[in-house]
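To start, the structure itself, in structure tokens.
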Amino acid sequence: MSIVAGYGIFRSALEEANELFDYELRSVAVSLPQSLSYASIANAEPHDIDRIGDDRVELQVWDGGGKLAYYSHSGSPLPRRGPGFHDIEVTERHFRVFGVEQASRFVQVGQPVSVRDELALQVASRTLWPLLGIVPLEIALVLLVVRRALRPVQRLSTSLAARSLETLTPVDLADDIPTEIAPLVSALNDLLSRLAKAVQAQRVFVADAAHELRTPLTALKLQIQVARRENRSIETGSLFQKLEERTNRAIHLVQQLLSLAREDAATSNGKPRANLARLASQVVADLSVLAEQKEIDLGLERVRIETGSDSLYVAGDETSLGSMLTNLVDNAIRYTPQGGRVDVRLVIEVDTVDVEVVDTGPGIPEVELDRVRDRFYRAGNTSGTGSGLGLAIAVKVATKCRAELLIRNRQDRAGLSVAVTGLKRVSNVNPGDTKAA
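Under my numbering, read the sequence shown as residues 11 to 447, first letter to last.
Structure representation (structure tokens):
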């Protein structure tokens, strides 16, 4: 708009400047005294008549007989035209001329168009300086208005970018949504709602399927144990043992699927709290039987950085944190050879708590440290039974608690270290939690 307005102002100023120059030509032509004859002009000194014109104006006078009596500039004279304004071309130069018929003579005044255009451009340019000074202010004002108008869009973009892959709740920006993008936000919320229903249906199906499988598998395991007691022959002993191992593996897989489905479908209600110290002690006690079967030294260690109360509450769901600890310790026991060691460490800091499970197992090849986080993926150097879901569940719980799961091989000796860092400590606990603790 400023460019169009500037062009209009320039054209208007140029036209006004041309009118002024035309008026100058007319004034020069009629300013010659009527008593001045062609003879006096011809006999006058050059400087007497040159004062009337200058380098911008060419003056010509013809006598009553049509003879050119005077021409103010050297070179070819301009051809005579009739009274009034005319545009002519002489030796590829354009002129604007004005002629006037007077008593006993004809006066014609001419001016090069280039001189007129140059002077007119200077006059017109002066009118553009105020506009050019306003242009930066206009640009700044437009940018400010556009930025304020797009602020809701930026908030929407930031809100969507900050979401995790599994957050499908509708976008809520209250009344800050402009009318222009309100249909877009509504369509986006509708899409998120339909995706949430589809994902929830899938999770419910997995949970239901795992739940339905758990009962017959448990019954099958009991029947195998009964059959082993009733048939203790050497021929059938190894067969029943293999059947029981396969059944145990299937039961473990179903339990892992149930835990994973529960974590996928879980939503945070308020601000849950859990006593991490009590959970860790309970998990170590529950899995101590499995550790004793393999003669593994399983222990719990609290590393205190600061003194305070013995209670250790963190932000997070107690069931989810218990499942995470169980999977980490169970994995360490499963893959640690007989006679090894598994340590569970609670590193307590002022605002956070880190949970570290360290074993003396074979570790994981460096190229597979990131892959073992994926569901159903097992490292190539592992042996024994497993489903490949333990670390995936731990990653899921750590993400829900806004913590980070770190997996690295030990540097001091063979083994693996799996740490959940950044669990938020909570000072104010619910009365029920305190009583339970």
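We put the CB at the ideal spot given by N, CA and C, even for glycine.
Residues bridged to residue i by DSSP?
i      : result
Glu111 : Phe116
Ala462 : Not covered by the structure: residue 462. The range shown for the chain is 11 to 447.
Trp72  : Leu78 and Phe116
Ala172 : Answer is none; Ala172 lacks a bridge partner.
Thr1   : As shown, the chain starts at 11 and ends at 447. That puts residue 1 outside it, with no answer to give.
Gln121 : Arg106
Ile191 : In the DSSP output, where bridge partners are listed per residue, Ile191 has none listed.
Asn352 : Asn is not the amino acid found at residue 352; the sequence shown has Val there. Leu308 and Asp369.
Val339 : Paired residues: none, contrary to the question.
Ile98  : Phe105
Arg314 : Ile358
Leu154 : Paired residue(s): none; Leu154 is not in a bridge.
Leu426 : Asn419
Near residue i, which residues of its chain fall below 6 Å by C-beta distance, leaving aside the five closest residues on each side in sequence?
i      : result
Leu178 : Leu202, Leu205 and Ala206
Arg36  : Phe108
Ser47  : With a pLDDT of 48 at Ser47, under the threshold of 50, the modelled position of this residue cannot be trusted, and the question is left open.
Leu322 : Leu286 and Ala287
Phe95  : Phe108
Leu253 : Ile234
Leu30  : none
Lys304 : Gln348
Within the same chain, show all residues whose beta-carbon is closer than 8 Å to that of residue i, passing over the 5 residues directly before and after it, in chain order.
i      : result
Val100 : Ser86, Leu88 and Pro89
Gly371 : Ala342, Tyr345, Thr346, Pro347, Gly350, Ala424, Gly425 and Leu426
Val293 : Gly332, Leu335, Thr336, Val339 and Val354
Asp296 : Thr336
Trp139 : none
Val352 : Ala301, Ile306, Asp307, Leu308, Gly309, Val339, Ala342, Ile343, Thr346, Val367, Val368, Asp369 and Thr370
Ser291 : Leu310
Asp32  : Phe95, Arg106 and Phe108
Report the CB separation of residue i from residue j in whole angstroms; it is logged as a contact under 8 Å.
i      : j      : result
Val365 : Ser427 : Contact doesn't hold; Cβ gap of about 11 Å is too wide.
Leu289 : Leu335 : 6 Å
Ala301 : Leu308 : 4 Å
Val405 : Val324 : With a Cβ gap of about 17 Å, Val405 and Val324 do not count as contacting.
Val110 : Val117 : 5 Å
Val313 : Val357 : 5 Å
Ala23  : Val145 : Actually they are not in contact, since the Cβ atoms of Ala23 and Val145 sit about 17 Å apart, beyond 8 Å.
Arg103 : Asp97  : Actually they do not touch by this definition, with Cβ atoms about 12 Å apart.
Ile19  : Leu194 : At roughly 41 Å, the Cβ-Cβ gap does not stay under 8 Å, so Ile19 and Leu194 are not in contact.
Arg385 : Leu399 : 6 Å
Val119 : Val38  : 5 Å
Count the other CB atoms, across all protein chains shown, that sit within 10 Å of the CB of residue i; report buried if there are 16 or more and exposed otherwise.
i      : result
Ala287 : buried
Gln121 : buried
Leu433 : buried
Val236 : exposed
Ile306 : buried
Glu68  : buried
Ala197 : exposed
Arg21  : exposed
Pro180 : exposed
Ile149 : exposed
Thr444 : Unreliable placement is indicated for Thr444, whose pLDDT of 41 sits below 50; no coordinate value is reported for it.
Glu26  : exposed
Pro282 : buried
Thr3   : The question about residue 3 has no answer, for the chain in this structure spans 11 to 447.
Ser82  : buried
Ala159 : exposed
Asn53  : Interpretation of Asn53 is limited by its pLDDT of 49, a score under 50 that renders its predicted location unreliable; the figure taken from the coordinates is listed afterwards. Burial call: exposed.
Ala172 : exposed
Ala229 : exposed
Ala113 : exposed
Ala208 : exposed
Asp60  : In this prediction, Asp60 has a pLDDT of 45, which is less than 50 and means its spatial position is unreliable; what the coordinates show is noted afterwards. That one is exposed.
Of all the CB atoms in chain C, is at least one closer than 8 Å to the CB of residue i?
i      : result
Ser124 : Note that chain C does not occur in the displayed structure, where there is just one protein chain.
Kindly list the residues whose CB is nearer than 7 Å to the CB of residue i, restricted to its own chain and excluding five residues on each side of it in sequence; keep chain order.
i      : result
Val382 : Ile374, Ala389, Leu401 and Ile417
Ser298 : Leu308
Ala189 : Note on identity: in this sequence residue 189 is Thr, with Ala being the wrong assignment. None.
Tyr17  : none
Arg115 : Tyr48, Val71, Trp72, Asp73 and Gly74
Thr431 : Asp364, Ala413, Glu414 and Leu416
Asn7   : Examination of residue 7 is not possible in this model, given that the chain is present from 11 through 447 alone.
Gly92  : Gly109
Gly442 : Its pLDDT being 48, under 50, Gly442 is placed unreliably by the model, and nothing is read from it.
Thr362 : Gly432, Leu433, Lys434 and Arg435
Suppose only complete runs of 3+ residues qualify. What are the beta strand (DSSP E) ranges in the stretch 357-388, listed by chain order?
Within the stretch 357-388, the complete beta strand (DSSP E) runs of at least 3 residues are 362-369.
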